[in-house]
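The sequence shown begins at 0 in numbering that gives the first Met the number 0 and counts up one residue at a time. Beta carbons: idealized from backbone N, C-alpha and C, even for Gly. Bear in mind that the values here come from a model prediction, so they are computed numbers and not experimental data.
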Amino acid sequence: MSNKSSSQAPQSGPTMHKIFYIEDLVYLIVQKLSVTSRPRFAYFSETPSYDHLHWLAPDVKDDVRNLGQVGRVFREPCLNALWCHQEGLSKLFYMISAVESVPREGPREVGFPSNVWTLKRPLRAEDIATISFYSTRIQEMDLQDRLMIHPWKQPAFDVSLPLGTILFPQLRHLLWVCNGAVNWNLEFVLNSTGDGLKEVTGEASYNFNPKAMAMMEERRHDLSHIRLLQDWTEDDTRNDMIKFFRDILPDANNLRDLFLDFTYEHYLNMWDAIPLFPLLSRLSFCCLTARPSAPLSNQTLTSLTIYIRDAQFFRRALKNVAFTSLREFELTSGVLAGFSAEVFRLLLRSIITACTDSPLTSLLVRTYDNHDINPLAPIPEDPDTSDENILGLDDLRPLMKKYPTLEVLHLGVGLPWALHDDAIREVVSVWGRGIRSLRLDPNGGWSTTKCATFAGLEHIAMHCPRLTTLGLYFVGSPPASICSATVHIDAGKRSTGPYRNEALRDLYVGCSPLDPFAVNDMAMYLSMRFPNLETIKPAERMRTQLDPPELLTNNGDRRRVGQTVKRLTGPFQRWEMVEDIVPMVGLARKQERLALI
């Protein structure tokens with residue numbers, strides 16, 4: 000097996016197998032192990048900015064280090080993998096013994112270490128070679144306060160580099176926030192970065208980060224990904240920010256991804272700016288008071304995320320918009336005064352009209368007054384006692400008819416619903432074979448008489464083979480026939496037990512009831528139907544719902560009472576217990592299956 004660079008790979012003949020070089024193999028291994036979600040303490044929320052970064056969890060780094068010690072041929076590729084994504088400069092300066100750890104001043108913040116890194120000596124000429132050995136491997140730099148070097152802890156040291164020194168020739172993605180420590184680290188990186196920087200994520204401010212804003216101006220024709228966070232503009236730099244959004248940003252004609260996570264409408268009407276970006280594929284912005292000043296038809300956008308406050312206003316804005324290539328649409332609504340089932344129904348129709356020619360495969364509609372997002376949100380109306388308009392199958396049918404190949408549907412609007420098992424079967428008959436994630440407003444207000452039961456849940460298990468995430472309110476007791484860990488093996492060594500859905504990993508149960516003494520049965524049932532289930536998420540509002548005293552007795556058995564009071568205090572805690580039991584039951588089943596075989 001060769002260790003040549005993949006760029007020198009020979010052309011294979013039509014009958015030859017592909018030759019994998021060591022670097023290719025290590026890359027594939029790291030890709031498999033890498034965690035593409037945001038780091039644990041990241042400032043940045045869950046957005047597409049992090050979905051393609053190569054951040055590695057600590058245990059994965061250990062695995063890569065161990066792989067690098069297997070042989071010399073693995074050393075360089077593993078070093079590249081370990082240094083690809085860096086959080087701050089502290090590790091880099093640690094390699095030349097130029098930093099030390101000192102106590103953090105002021106109150107300790109949750110999620111931040113008690114110590115910070117600070118410079119203890121100036122840079123020397125001989126340091127450049129050592130730094131370059133590692134820095135030339137860095138492709139992603141994440142500058143946040145947690146791992147920054149704090150230069151003000153000691154007298155200022157000279158860390159200037161010889162003119163033209165490039166320490167980060169491969170840096171392609173740079174992330175930053177606004178504070179003093181980050182500013183020093185950010186300037187050091189920007190002063191020694193090559194021409195490969197194409198993606199930036201940071202807080203927009205000519206006050207705090209003038210160097211970063213100047214960099215975006217200078218590189219605007221090269222940038223393919225921009226995400227702007229909080230706007231820290233003050234009066235003395237407001238004109239600079241206006242110029243940036245009026246002249247600089249619209250001139251970024253190679254932009255593929257643009258995420259505006261703050262309200263920038265006072266600088267830019269994003270609807271009118273969309274045609275200025277001929278290659279734009281993914282867009283996220285806030286739509287509060289702006290609407291298209293002329294009819295808009297777009298053929299390039301494939302992913303769109305919009306934050307709104309007024310659903311009725313947004314519906315009017317969509318009347319002049321048509322998307323022909325959209326595959327992913329996410330809509331999040333904030334202030335929900337007047338948001339009702341009827342408004343939601345009309346909103347869905349407006350989305351379908353605007354995307355009528357799009358091959359939509361993913362639709363997410365959620366509100367901040369939904370308990371999925373805001374635990375303090377008002378409790379949804381009970382459809383069994385409320386006169387309010389109730390959502391049901393008729394509201395899903397237009398989506399089912401227009402987008403039969405939908406793969407992701409997340410509805411989290413906290414509204415009253417009635418969807419019985421027959422409705423679930425109809426939904427599954429359209430989307431079942433291809434659906435990967437289905438969340439039908441599990442934290443909404445659900446009818447207890449017209450809702451899914453275990454029959455509906457079993458139908459989903461049998462007919463949705465790709466489903467990894469399910470959000471559904473359901474009632475009833477687990478069928479006694481499969482509330483057992485026993486697995487029957489026939490003469491052909493095949494399992495003859497109930498159907499198993501191997502794909503499901505996450506189950507959102509909302510406020511689905513769970514009898515205090517049915518915890519084990521529920522765990523047995525779920526582990527049988529969904530053997531790879533990892534998480535079970537009840538509605539957050541149930542956390543403080545405690546069982547009445549009479550539910551904490553069991554035929555006068557005082558010992559059982561004591562255990563129940565200690566471990567099961569309400570429905571939320573019961574579902575947590577089910578989540579703990581499911582993997583243990585699954586392991587027992589696997590061991591039993593192996594023993595029988």
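Please list the terminal residues of the continuous beta strand (DSSP E) segment that includes residue i.
i      : result
Phe453 : Element bounds for Phe453: not the beta strand (DSSP E) but the alpha helix (DSSP H), Phe453 to His462.
Ser332 : Glu327 to Ser332
Ser526 : That residue, Ser526, is in no beta strand (DSSP E); its alpha helix (DSSP H) goes Val518 to Arg528.
Lys536 : Thr534 to Pro537
Tyr133 : Tyr133 -> not in any beta strand (DSSP E); alpha helix (DSSP H) instead, spanning Asp126 to Ser134.
By the DSSP assignment, the alpha helix (DSSP H) with residue i in it spans what residues?
i      : result
Gly201 : Run containing Gly201: none in the alpha helix (DSSP H); it sits in the beta strand (DSSP E), Glu198 to Ala203.
Pro57  : Pro57 to Gly67
Lys401 : Leu392 to Lys401
Leu78  : Arg71 to Trp82
Ala321 : No alpha helix (DSSP H) holds Ala321; the beta strand (DSSP E) holding it covers Val320 to Phe322.
Asn238 : Arg237 to Lys242
Thr164 : Note, Thr164: premise wrong, no alpha helix (DSSP H); not H, not E.
Phe313 : Ala310 to Leu317
Spatial neighbours of residue i within its chain, please: C-beta separation below 7 Å, excluding the five flanking residues on both sides.
i      : result
Glu575 : none
Ile241 : Tyr266
Val412 : Phe343, Val364, Arg365, Thr366, Asn369, Asp440 and Gly443
Val474 : Thr447, Cys450, Thr452, Ser511 and Pro512
Ile95  : Asp126, Thr129 and Ile130
Phe338 : Ala310, Ser332 and Thr366
Tyr498 : Ala460 and Met461
Are the beta-carbon atoms of residue i and residue j separated by less than 8 Å?
i      : j      : result
Leu88  : Arg136 : no
Val181 : Gln143 : yes
Ile423 : His462 : no
Thr301 : Ser324 : yes
Asn319 : Pro291 : yes
Val467 : Asp505 : First, the residue type needs correcting, since residue 467 is Thr and not Val in the sequence shown. Yes, these two residues count as a Cβ contact at 8 Å.
Leu469 : Tyr524 : no
Ala460 : Asn500 : yes
Leu81  : Val69  : no
Asp230 : Phe261 : yes
Leu278 : Asn253 : yes
Asn297 : Phe322 : yes
Give the secondary structure of residue i by DSSP, where H, G and I count as helix, E and B as strand, and everything else as coil.
i      : result
Glu425 : helix
Lys90  : helix
Thr352 : helix
Ile225 : strand
Tyr507 : strand
Trp574 : helix
Val115 : strand
Ile95  : coil
Glu139 : strand
Trp445 : strand
Gly470 : strand
Gln544 : coil
Phe338 : coil
Asp514 : coil
Using a Cβ-Cβ cut-off of 8 Å (strictly less than) and excluding sequence neighbours within five positions of residue i, which residues of its own chain qualify?
i      : result
Leu170 : Ile137, Gln138, Glu139, Met140, Val188, Thr192, Gly193, Gly195 and Leu196
Can you tell me the Cα-Cα spacing of residue i and residue j, whole angstroms?
i      : j      : result
Ile350 : Gly509 : 26 Å
Phe571 : Ala538 : 7 Å
Asn206 : Ile580 : 53 Å
Thr352 : Phe328 : 13 Å
Leu185 : Trp175 : 7 Å
Pro403 : Ala97  : 60 Å
Arg308 : Asn208 : 30 Å
Arg528 : Ser436 : 17 Å
Trp183 : Ser159 : 12 Å
Asp23  : Pro76  : 9 Å
Tyr263 : Leu227 : 10 Å
Gln544 : Arg573 : 11 Å
Leu418 : Asp394 : 11 Å
Asp546 : Val59  : 42 Å
Thr200 : Ile225 : 6 Å
Quick one: residues in its chain with C-beta nearer than 6 Å to the C-beta of residue i, no 5 flanking neighbours on either side, listed in chain order?
i      : result
Arg39  : For Arg39, the pLDDT reaches just 39, beneath the cut-off of 50, and the residue's location in the model is therefore unreliable, although a value from the coordinates is still provided. Around Arg39: no qualifying Cβ.
Trp445 : Trp416 and Tyr472
Leu390 : Ala340, Leu414 and Trp416
Asn388 : Ala340 and Glu341
Any chance the CB of residue i is under 7 Å from a heavy atom of the ligand HEM?
i      : result
Glu125 : Among the ligands in the structure shown, none appear at all, so the ligand HEM cannot be discussed.
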